[in-house]
Structure formats: C-alpha cells, structure tokens
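Here is the structure we will look at, set down as structure tokens.
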Amino acid sequence: MNESVNESVNRSVEELQRRLVEFAAARRWQPYHTPKNLAAALSVEAGELLEIFQWLTPEQAARVMDDPEGAHRVRDEVADVLAYLLQFCAVLGVDPLEALAAKIDRNELRFPVPDGPVGPPARSR
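Under our numbering, the sequence shown is numbered contiguously, ending at residue 390.
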C-alpha cells in the first residue's frame, strides 16, 4: 500500500474508533467496556456471523450476498464484529492495522510459498 493510502486508512480507522468511543461515552458505557467484556462481545458477534452460514452448503455460502436479506445480515454482523474489535483495540491501545501488518510479516516467514501442490492453509497462531 502506498504511503498516502496507508495514512488515509489509518485516519479512517482512528475516526471510527473515536466515534465508537464517543458513542459509548455518551451512554456512560465505559465501565462495561473492559477488555474481557469486549472480547466476549466480539466472540458473540463472530458467532452470529457464523450462524448465518451454519447449515449452508459451500455453494449456498458462496452466494449468500446474492440475497438482499442475507447480504444485509452479513454486513450487519461484519459491522458488529469490527466495532467490537476496534473498541477492544482502543481500550488496550493496540493499533489494529499495525498488528495485522506485523502478523502478515510473521506469517510470510512461517509459511513460505510452496514449490509443489498446495494444500489447505495451516491454522494461524
């Protein structure tokens, strides 16, 4: 990513985090926004995203965005997951984009491009 795009993305993430912090503060929710509670909420919302796909075949799952109601549900759950993740990062002072970039760097070293046939991805740690 070039530097100006990177700066724009960082500003966008920071702006979303600021809006989420202000939203919670206006409702006096900060005492409840502990790392444990936010991690639990993030897990619940990720579970709700998974629930959409729970009994779908791979073919049905690949077409879920073709249905307006299904697409709406997916977008809402993605938003909930991202919102809780950004709030979690704000509380702990984690830069999510920096953390992701560092993780990708480590994974590129851990999982070099194979020479032969490719299998399923290994579980990331």
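Beta carbons: idealized from backbone N, C-alpha and C, even for Gly.
Bear in mind the structure is a predicted one, so any value in this text is a computation, not a measurement.
What is the DSSP secondary structure of residue i, reduced to helix, strand or coil?
| i | result |
| --- | --- |
| ALA326 | helix |
| GLU298 | With the sequence shown as reference, residue 298 is identified as His, and Glu is not the correct amino acid for it. Looking at HIS298 - three-state DSSP - the assignment turns out to be coil, as it is neither helix nor strand. |
| GLY384 | coil |
| ASN271 | helix |
| LEU321 | coil |
| PHE376 | coil |
| VAL359 | coil |
| ASP331 | helix |
| ARG292 | coil |
For residue i, count neighbouring C-beta atoms within 10 Å of its own C-beta (all shown protein chains included) and say buried if the count is 16 or more, exposed if not.
| i | result |
| --- | --- |
| TYR297 | exposed |
| GLN319 | exposed |
| ALA291 | exposed |
| GLN352 | buried |
| ALA327 | exposed |
| ALA355 | buried |
If I measure Cβ to Cβ from residue i and keep anything under 6 Å in the same chain, skipping five residues before and after, which residues do I get?
| i | result |
| --- | --- |
| ASP345 | GLU310 |
Q. Any contact of the segment 359-376 with the segment 296-309, i.e. 3+ C-beta pairs under 8 Å?
A. Taking 8 Å as the limit for Cβ pairs, the verdict is that the segment 296-309 does not touch the segment 359-376.
(Q) Within 8 Å, do at least three Cβ pairs link the segment 332-344 to the segment 356-364? (A) When C-beta atoms of the segment 356-364 are compared with those of the segment 332-344, fewer than three pairs fall below 8 Å, so the two segments do not count as touching.
Q | Segment contact, 8 Å Cβ cut-off, at least three pairs: the segment 272-287 with the segment 348-359 | A | Verdict: yes, contact present.
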